[in-house]
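2 protein chains.
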Amino acid sequence: MRAEALKGHLDGLLLAALEEGPLHGYAVKEALCAATGGRIDLPTGTVYPALHRLERAGLIAGSWSVVAGRRRRTYRLTEAGGRALSGERAGWQEFAAAVTTALGARPWPTTS
Amino acid sequence: MRAEALKGHLDGLLLAALEEGPLHGYAVKEALCAATGGRIDLPTGTVYPALHRLERAGLIAGSWSVVAGRRRRTYRLTEAGGRALSGERAGWQEFAAAVTTALGARPWPTTS
DNA sequence: TCGCTATATATAGCGTTGCTACGTATTGGG
DNA sequence: CCCAATACGTAGCAACGCTATATATAGCGA
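Right under this line is the structure:
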């Protein structure tokens, strides 16, 4: 997976990971990795700043806790975050359809 | 369509537009706009630098001509460009599948 | 004739974004 | 005892597409 492919689509993935319940940052990264069979394996230097950005935007809300001696910041989706997630999904559908059309996407080279 | 959504996927679209035959820059922009029903309507300040980049990379080859008093730079896909297009398509398939899965969105209808 | 639009190309500067590389700290296994 | 995994964080960077602006011609309507 090319590195820059994700640009502009990361927020939606993070919000989606938090939709089914609160998670801390590291768990979000693991959940995305597991859900995609390792195809989306984000570096922590990508995850944490993105979560901070989403929190600043009011789309997620975080709270500190300590589990097994390690401090954790657990995030939950806010109402605004839920609405944003719906928007991201709709935007993705439209974007993916447009690119698939324009690309004439065939996984295999034209066999003709 | 969010502006930054396209990041990292523009090259493939431009290459795809040139696959069926040489076009000049303005025609590439029009072709993409027409193919997607106006959903991908690139500003010229996006198209021309991108074409220059693809030409520098050897994926397309350009030549000047004059038609109706206006100078045109017509681009054709090189062999390397054809291979790159195949790679872009494969990469798009993988990326789109991963994002669709992680986003929990319905797979887009076609190609099932 | 004048102005507007479409056609056609080009570049400088900007903002956003994800990544690399690093730093801190604890737990637990080899 | 070291090292991996867990868990969080930031600084700096490079890439990319967009905005704004510039140039120039053709053709149309007022």
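These protein sequences, in sequence, are chains A and B.
This note's numbering numbers the first residue of the first sequence as 3 and each following residue consecutively.
This note's numbering numbers the first residue of the second sequence as 3 and each following residue consecutively.
We put the beta carbon where it would ideally sit given N, CA and C, even for glycine.
Fair warning: this is a prediction, and the values are worked out from it, not measured in the lab.
Residues that A/H11 contacts on chain B, provided the C-beta gap is smaller than 8 Å: Taking the first residue of the first sequence as 1, we reach residue 11 of chain A at position 9. Residues of chain B passing the Cβ test: A7 and V101.
Counted within 10 angstroms of its Cβ, other Cβ atoms place B/L105 as buried (16 or more) or exposed: By 1-based counting over the second sequence, the position of residue 105 of chain B is 103. Counting C-beta atoms within 10 angstroms of its own C-beta, B/L105 has 16 or more neighbours from the protein chains shown and is therefore classed as buried.
With 16 other Cβ atoms within 10 Å as the buried cut-off, status of A/D13: As a working mapping, residue 13 of chain A is identified with position 11 in the first sequence. With 16 or more Cβ atoms within 10 Å of its Cβ, A/D13 is classed as buried.
Local conformation of B/A19 per DSSP, three classes: For the purposes of this step, residue 19 of chain B is identified with residue 17 of the second sequence, where counting begins at 1. B/A19 falls in the helix class under three-state DSSP.
Buried or exposed by the 16-neighbour rule on C-beta atoms within 10 Å, applied to B/R91: To locate residue 91 of chain B, count along the second sequence from 1; it is residue 89. Counting Cβ neighbours within 10 Å, B/R91 comes out buried, since at least 16 surround it.
Contact check, B/G47 vs A/L8, beta carbons under 9 Å: The residue given as residue 47 of chain B occupies position 45 in the second sequence. The residue given as residue 8 of chain A occupies position 6 in the first sequence. No; because the gap between Cβ atoms is not below 9 Å, this pair is not in contact.
Inter-stretch contact at 8 Å, needing at least 3 Cβ pairs: the segment 46-66 of chain A / the segment 16-23 of chain A: Under the three-pair Cβ rule at 8 Å, the segment 46-66 of chain A counts as touching the segment 16-23 of chain A.
C-beta atoms of B/R24 and B/T76 nearer than 9 Å: Along the second sequence, one-based indexing puts residue 24 of chain B at 22. Along the second sequence, one-based indexing puts residue 76 of chain B at 74. First, the amino acid is wrong: residue 24 of chain B is Pro here, not Arg. B/T76 sits close to B/P24, with the two beta carbons spaced by under 9 Å.
Distance, A/G84 Cα to B/P109 Cα: As a position in the second sequence, residue 109 of chain B is number 107, starting the count at 1. As a position in the first sequence, residue 84 of chain A is number 82, starting the count at 1. For B/P109, the pLDDT reaches just 47, beneath the cut-off of 50, and the residue's location in the model is therefore unreliable, leaving the point undetermined.
Neighbouring residues, chain B, relative to A/E117 (Cβ below 8 Å): With chain A running from 3 to 114 in the structure shown, residue 117 of chain A is simply not present.
Length of the line joining the Cα atoms of B/G89 and B/Y28: Working through the second sequence from its first residue, we reach residue 89 of chain B at position 87. Working through the second sequence from its first residue, we reach residue 28 of chain B at position 26. Cα atoms of B/G89 and B/Y28: separation of roughly 25 Å, rounded to the nearest angstrom.
Cβ pair A/T102, B/W66 closer than 9 Å: Locating residue 102 of chain A in the first sequence gives position 100, counting from the first residue. Locating residue 66 of chain B in the second sequence gives position 64, counting from the first residue. No; because the gap between Cβ atoms is not below 9 Å, this pair is not in contact.
Straight-line gap, A/R73 to A/H26 (C-alpha atoms, nearest Å): The sequence position of residue 73 of chain A within the first sequence is 71, counting from 1. The sequence position of residue 26 of chain A within the first sequence is 24, counting from 1. Approximately 10 Å, taken between the alpha carbons.
Under the three-state DSSP convention, the category B/G64 falls into: Here residue 64 of chain B is taken as the residue at index 62 of the second sequence, counted from 1. Note: B/G64 maps to strand in three-state DSSP.
Cβ separation of B/R78 and B/A63, assumed to be a contact under 8 Å, to the nearest whole Å: Residue numbering aside, residue 78 of chain B sits at position 76 when the second sequence is read from its first letter. Residue numbering aside, residue 63 of chain B sits at position 61 when the second sequence is read from its first letter. With 8 Å as the limit, B/R78 and B/A63 qualify as a contact, their Cβ atoms being about 6 Å apart.
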